[in-house]
Amino acid sequence: MNRLLMLTASAYRSKVVQITEQTFQLLFPVILLGSSAEVLQFVFLTASGYVATIFNVPQWLPFDRELSVLMGTVYHCTLGMVGLYGAYGTSYFTVKVYRRQSSPSAGLIGLLAFLMIAFQPRNGGRVAFNPPLMAEGLLVGMLVGYVCGRILIAFKNQQTNWGQMMWRLALIFALAISVNLLMSYLRRTGALSVLVISGPQPTSGHPLTFVLMMGALTELLSWIGIGGPFTASPTFTDPASIANLNHALKAGSPWNAPHLYTDTTLFHSFANFGGNGVMLALIIAILIFSKQAGSRTVSKWSIFPAVFNSHYAMMVGIPVLFNPIFLLPFVLVPVVNMTIAAMFLALHWLPAAVYPVPAGTPGPLIAFLGTNGNWASLLLGIFLIAIDVLMYVPFIKLAERVQKSAGELK
Numbered sequence: 001m002n003r004l005l006m007l008t009a010s011a012y013r014s015k016v017v018q019i020t021e022q023t024f025q026l027l028f029p030v031i032l033l034g035s036s037a038e039v040l041q042f043v044f045l046t047a048s049g050y051v052a053t054i055f056n057v058p059q060w061l062p063f064d065r066e067l068s069v070l071m072g073t074v075y076h077c078t079l080g081m082v083g084l085y086g087a088y089g090t091s092y093f094t095v096k097v098y099r100r101q102s103s104p105s106a107g108l109i110g111l112l113a114f115l116m117i118a119f120q121p122r123n124g125g126r127v128a129f130n131p132p133l134m135a136e137g138l139l140v141g142m143l144v145g146y147v148c149g150r151i152l153i154a155f156k157n158q159q160t161n162w163g164q165m166m167w168r169l170a171l172i173f174a175l176a177i178s179v180n181l182l183m184s185y186l187r188r189t190g191a192l193s194v195l196v197i198s199g200p201q202p203t204s205g206h207p208l209t210f211v212l213m214m215g216a217l218t219e220l221l222s223w224i225g226i227g228g229p230f231t232a233s234p235t236f237t238d239p240a241s242i243a244n245l246n247h248a249l250k251a252g253s254p255w256n257a258p259h260l261y262t263d264t265t266l267f268h269s270f271a272n273f274g275g276n277g278v279m280l281a282l283i284i285a286i287l288i289f290s291k292q293a294g295s296r297t298v299s300k301w302s303i304f305p306a307v308f309n310s311h312y313a314m315m316v317g318i319p320v321l322f323n324p325i326f327l328l329p330f331v332l333v334p335v336v337n338m339t340i341a342a343m344f345l346a347l348h349w350l351p352a353a354v355y356p357v358p359a360g361t362p363g364p365l366i367a368f369l370g371t372n373g374n375w376a377s378l379l380l381g382i383f384l385i386a387i388d389v390l391m392y393v394p395f396i397k398l399a400e401r402v403q404k405s406a407g408e409l410k
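Under UniProt numbering, the residues of the sequence shown are numbered 1 to 410, in order.
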């Protein structure tokens, strides 16, 4: 066990991990600001938001529309461009870690390369960029930044002349343009659309095993910074949810809904507390059991967005993203929650969540409100949160031991 711990600690001291950690430190305040602005816009300042619905905020708050637009602008300039910031940070820190010095121009080159890849020409010559790639392309952005940084330091000669630098820039931008052209070709031929359309449709009332598999896939993809099939918030507008709602309206009760196992009734109702990976449980576990000041500080700052199911700040602040120590609980905890909830649904110990809930409803309350106030659903949510906290504790302790060992190896 100690040998495995030392090997893991040695891996944590690798240059790639150093680059990733330093990039995440750069991104954390940006992502925290963006996720907080997103919560304020959609939960507090939008009429269909959870807090706005309870306190009727748009009716008494002056300049609520202007504030909503402002929060939307902050979101789009921060979290909506996270791939861009990832490319900048990774390119900058790659040069810094390998050369022990860097300059903002190194990050700027990574940023420009990512923009070239994300560029999508529009009719009329309007400048536009691929929104999903900008907002959900952190992994792509970091890969682009790393490649740019490695190309910039490809030659050992520190005193690079302008001719060598121009050749490197030409190579970087040629690769970026080539990737853009390839993506444009795939989009034009419909190849990308086929991949999307042929993917799983999580909201059509599939059997339990399929929903559990898609839930696990969602968590795995989120762990590497890519949105999965269950990433979107519940809308209650898919065919299965509409069928469940129609049944409840006719019967006057949510019991005996025709579709018990969907992303809404299982994933969003019981496995999305604080966002993907049940981040709310991780925050609680760190605040109770962790003695590491840095993790506790990150958790405190991340509480506000996490309460309303935004997990992005915790993902880069701890970090959980790309962190193999947290991969198992990040995927397993939501699956355990869905399995237990499915058992309760199968035994008819609680009804399925069939009624729409306001945007940003805290995770433990989604099932409670979605069942029109069924107390068993609320108690189950509280029980699951407690179990989730306990499941995260061993991995928090392991992460602290690895970081301590990595520090001793320096």
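Where is the CB? At the ideal position from N, CA and C, for every residue including glycine.
Model, not experiment: these values are computed from the prediction.
Name the residue from the options whose alpha carbon lies nearest to the alpha carbon of residue i.
i: Leu287; options: Leu280, Val69, Arg296, Leu182; result: Arg296
i: Gly277; options: Ile224, Trp167, Ala293; result: Ile224
i: residue 473; options: Ser103, Thr23, Leu245; result: What is shown of the chain runs 1 to 410, which leaves residue 473 out entirely.
i: Gln120; options: Pro394, Ser35, Leu181; result: Leu181
i: residue 412; options: Ser14, Met116, Phe230, Arg150; result: Since the first and last residues shown for the chain are 1 and 410, residue 412 lies out of range.
i: Gly83; options: Cys77, Met134, Gln41; result: Met134
i: Gly137; options: Leu390, Gly294, Ser222, His247; result: Ser222
i: Met391; options: Ser14, His311, Val335, Phe344; result: Val335
i: Pro207; options: Ala346, Lys15, Pro394; result: Ala346
i: Asn309; options: Ser10, Tyr50, Thr46; result: Tyr50
i: Pro132; options: Asp64, Asn123, His76; result: His76
i: Thr301; options: Val17, Leu33, Ala248; result: Before going further, note that residue 301 is Trp rather than Thr in the sequence given. For the residues Val17, Leu33, Ala248, the minimum Cα distance to Trp301 belongs to Leu33.
i: Ile387; options: Trp349, Ala359, Leu280, Met315; result: Leu280
i: Phe28; options: Thr189, Tyr85, Phe289, Phe267; result: Tyr85
i: Thr265; options: Phe210, Phe304, Ala306, Met338; result: Met338
i: Leu40; options: Gln25, Asp64, Ala243, Phe24; result: Asp64
i: Met315; options: Leu79, Leu380, Phe44, Val97; result: Leu79
Straight-line CA distance for residue i to residue j?
i: Val57; j: Arg99; result: 53 angstroms
i: Met81; j: Ile54; result: 31 angstroms
i: Ser233; j: Leu70; result: 22 angstroms
i: Val179; j: Tyr185; result: 10 angstroms
i: Lys291; j: Pro362; result: 27 angstroms
i: Pro62; j: Ser68; result: 11 angstroms
i: Ser91; j: Ser241; result: 45 angstroms
i: Asp238; j: Thr262; result: 10 angstroms
i: Gly110; j: Gln22; result: 16 angstroms
i: Lys156; j: Met165; result: Annotation note: pLDDT 49 at Lys156 (below 50); position unreliable, no value reported.
i: Leu115; j: Ala37; result: 24 angstroms
i: Trp60; j: Ile382; result: 33 angstroms
i: Gly145; j: Tyr88; result: 6 angstroms
i: Gln18; j: Ser10; result: 12 angstroms
i: Arg187; j: Ala128; result: 15 angstroms
i: Phe93; j: Gly107; result: 8 angstroms
i: Leu327; j: Thr189; result: 36 angstroms
i: Leu378; j: Ile318; result: 29 angstroms
i: Phe304; j: Ala243; result: 34 angstroms
i: Val97; j: Gln25; result: 15 angstroms
i: Val140; j: Ile396; result: 28 angstroms
i: Leu365; j: Arg126; result: 43 angstroms
i: Ala367; j: His268; result: 8 angstroms
For the putative contact between residue i and residue j, defined by C-beta atoms under 8 angstroms, what is the C-beta separation to the nearest angstrom?
i: Ala313; j: Ser35; result: 5 angstroms
i: Tyr355; j: Pro254; result: 7 angstroms
i: Leu152; j: Arg168; result: 6 angstroms
i: Val331; j: Glu400; result: Val331 to Glu400, Cβ: 21 angstroms. No contact.
i: Ala353; j: Gly370; result: 3 angstroms
i: Cys148; j: Ala113; result: 5 angstroms
i: Val389; j: Ile284; result: 5 angstroms
If you count every other CB in all the chains shown that lies within 10 Å of the CB of residue i, and 16 or more means buried, which is it?
i: Lys404; result: exposed
i: Ile385; result: buried
i: Pro329; result: buried
i: Asn123; result: exposed
i: Thr46; result: buried
i: Pro324; result: exposed
i: Ala293; result: exposed
i: Val298; result: buried
i: Pro394; result: exposed
i: Val95; result: buried
i: Val211; result: buried
i: Val16; result: exposed
i: Met214; result: buried
i: Leu282; result: buried
i: Pro104; result: exposed
i: Tyr12; result: buried
i: Thr235; result: exposed
i: Thr73; result: exposed
i: His348; result: exposed
Practice prompt. Please go through the stretch 79-146 and give each complete alpha helix (DSSP H) segment of 4 or more residues, from N-terminal end onward.
Written response: 82-99, 104-118, 131-136
Fill in: Unbroken stretches of the alpha helix (DSSP H), 4 residues or longer, contained in the stretch 336-398
363-370
Worksheet item: What alpha helix (DSSP H) runs, 4 residues minimum, are completely inside the stretch 206-279?
Response: 208-223, 239-251
Item to complete: Give, in chain order, every unbroken run of the alpha helix (DSSP H) that is at least 4 residues long and sits entirely within the stretch 14-65.
Response: 15-39, 50-55, 57-60
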